[in-house]
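Remarks on the structure that follows.
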Amino acid sequence: MTLAQKILTLLIVSEVAFIATAFLAIQFAGLGPLSAVIAALLAIALPVAVWGDVVGLMRLGRIK
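Pasting the structure below:
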């Protein structure tokens, strides 16, 4: 595994951890209906962010 692949893998893990933490913080903040909207946006943002990193990993694997 190259250095760039390791960095992208760590990026995926950190994105998942960050969005999960933000999701929990919003749920406990008691923002009412706004928290549901923000949680829905986070639910959309996570797969999009991770998908972009996975595509980057795939391209790096092909470039070797």
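Reading the sequence shown from the start, the letters are residues 1 to 64 in UniProt numbering.
Beta carbons: idealized from backbone N, C-alpha and C, even for Gly.
Legend entry - Same chain, Cβ closer than 7 Å to Leu42, neighbours up to 5 away in sequence not counted: Ile19, Ala22, Phe23.
Inset, instruction - Take Ile26 and list the residues in its own chain whose beta-carbon comes closer than 7 Å to its own, dropping the five residues that flank it on each side. - result: So the qualifying residues of the chain are Ser35, Ile38, Ala39.
Inset, instruction - Could you check what DSSP says for Leu57 in three-state terms: helix, strand or coil? - result: In the structure shown, Leu57 sits in a helix (DSSP, three-state: H, G or I).
Inset, instruction - Starting from the C-beta of Val50, find all residues in its chain whose C-beta is less than 8 Å away, skip the five residues before and the five after it, and write them out in chain order. - result: Same-chain partners within the cutoff: Ile12, Glu15, Val16.
Inset, instruction - Within its chain, find whatever has a CB closer than 8 Å to the CB of Ala4; leave out the 5 residues flanking it on each side and keep chain order. - result: Excluding sequence neighbours, Ala4 sits near Leu60.
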